[in-house]
Structures are given as C-alpha cells and as structure tokens.
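As structure tokens, the structure follows; a few thoughts come after it.
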Amino acid sequence: MTYRRSSTLGRRVVLARAGGYGLAAIAGVLAAREAAATPDAARDWLAALAKGAAKDGKVSIKAPEIAENGNAVPATVTVEGEMTEKSYVKALHIAADGNPNPGVASFTFTPLAGKAEVQLRVRLSQTQKLIAVAEMNDGSLFVASREVKVTIGGCGG
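In this text, residue positions in the sequence shown follow the numbering used here: the first is 22, and each later residue adds one.
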C-alpha cells in the first residue's frame, strides 16, 4: 500500500503559517518601536500642538539631574503667572526627545485651576531632555527644558 501525500494544505499547516506570520508582524512592530525620537521629532510634535515661536521664561521643570531608573522619573512642571479670565495658561505640552514617541503628555487649564502646575512620572529610555511648552490664552508660548541622565533605561533598557 502506497501512501500518497495530498497537494492541498491541511488545517494544521495553515494555522502554523498564520501564527508564524502573526509573530513576524508583531516582531516588526516591536523592532520599529525601539528607535528613539530625535530633538527634531520632539520639536515637530510640539509645533503641531502649539503654533508659533516660544520664548524662554515662565516655565520651570523640576526633575532629578540623574535618575537611577528610567521607569518612573518624577517631574514637576510649573508655569508662573496669574490664572484669571484675562490671563491664564491654556495648555501645557511635555515632550521627551529620546523616547520612541516624543509626546509625553498634554494638559489643558482654565482660570478655575488657580495654578498651572502638574506633577507626573515620566518613563525615559535613555539620557535625554524633557521639554515643556506653555500656551497662554493670548496665543503666546513659553518653553523650558531639562536634561535628565538615566543610568538604567525605562523602555526596555
């Protein structure tokens, strides 16, 4: 008795190949995410959110100079100035120029906030700059940056 192999694909072969293609697609996405943003990418992200030229002043970033672990770096961003109907911080955008995605967070404010300050923990993959841009209700922009040295990467390092 001779056994002849069918030329059609069996269910197991089809499922194995589909699983292999799925894993290859996931690996491709993960490999693409390893690339770090550049200062230009961070600048472009911020420019898309806040139109115009930013000036130094009013914004301050408190973050450690050296972070032993990049998984949760504490940062406080404060914008000086009054929060009244006449003059207030409308939005605050924070970027990191070395993470896979430069955008960290965006916050919106109203005069009812009373104070333009946020505290957050940022995941940093490597030594890089945190950049904060404050957008005022009159359209003016203010910027500050702070470099944080990371000894252990927070995004897989």
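Quick reminder that beta carbons are idealized off the backbone N, C-alpha and C, glycines included.
Checklist entry - Is Glu-138 near Ala-71, with beta carbons less than 8 Å apart? => result Here residue 138 refers to the residue found at position 117 when the sequence shown is read from its first residue. Here residue 71 refers to the residue found at position 50 when the sequence shown is read from its first residue. Contact flag unset, no.
- prompt: When DSSP labels each residue in this structure, what does Arg-144 get in the three-state scheme?
  reply: Start at 1 with the first residue of the sequence shown, and residue 144 comes out as number 123. If DSSP states are grouped into helix, strand and coil, Arg-144 belongs with coil.
query = What are the complete beta strand (DSSP E) segments, minimum 3 residues, inside the stretch 103-139?
reply = 110-117, 124-129
Self-check item: Same chain, Cβ closer than 6 Å to Thr-105, five either side skipped, listed in chain order
Solution: Taking the first residue of the sequence shown as 1, we reach residue 105 at position 84. Taken in chain order, the residues that qualify are Pro-132.
*Please confirm whether Gln-140 and Val-169 have their CB atoms less than 8 Å apart.*
As a working mapping, residue 140 is identified with position 119 in the sequence shown. As a working mapping, residue 169 is identified with position 148 in the sequence shown. No, these two residues do not count as a Cβ contact at 8 Å.
- Message: Can you give me the C-alpha to C-alpha distance between Phe-128 and Ala-134, rounded to a whole angstrom?
- Response: Along the sequence shown, one-based indexing puts residue 128 at 107. Along the sequence shown, one-based indexing puts residue 134 at 113. Approximately 12 Å, taken between the alpha carbons.
For the alpha helix (DSSP H) holding Pro-60, just list the boundary residues, first then last. Mapped onto the sequence shown, residue 60 falls at position 39. Taken as a continuous stretch (DSSP letters only), the alpha helix (DSSP H) holding Pro-60 covers 60-70.
Return the first residue and the last residue of the beta strand (DSSP E) that Ile-152 is part of. Here residue 152 corresponds to residue number 131 of the sequence shown, with the count starting at 1. 149-157 is the span of the beta strand (DSSP E), which, as asked, contains Ile-152.
**Prompt:** Given Ala-126, which residues of its chain have a CB within under 7 Å of its CB, disregarding the five upstream and five downstream residues?
**Reply:** In the sequence shown, residue 126 corresponds to position 105, counting from 1. For Ala-126, where only same-chain residues beyond five positions count, the Cβ hits under 7 Å are Ile-115, Leu-141.
CB contact flag (Ser-161, Leu-151, <8 Å):
For the purposes of this step, residue 161 is taken as the residue at position 140 of the sequence shown. For the purposes of this step, residue 151 is taken as the residue at position 130 of the sequence shown. No, they are not a contact pair.
Point to revise | Thr-99 classed as buried or exposed, judged by whether at least 16 other C-beta atoms fall within 10 angstroms | key: Your numbering for residue 99 matches position 78 in the sequence shown. Classification of Thr-99: buried, given that the 10 Å Cβ count is 16 or more.
Own chain partners of Asn-158 with C-beta closer than 7 Å, once the 5 adjacent residues on each side are dropped: Numbered from its first residue, the sequence shown carries residue 158 at position 137. Ser-108, Tyr-109, Lys-111, listed in sequence order.
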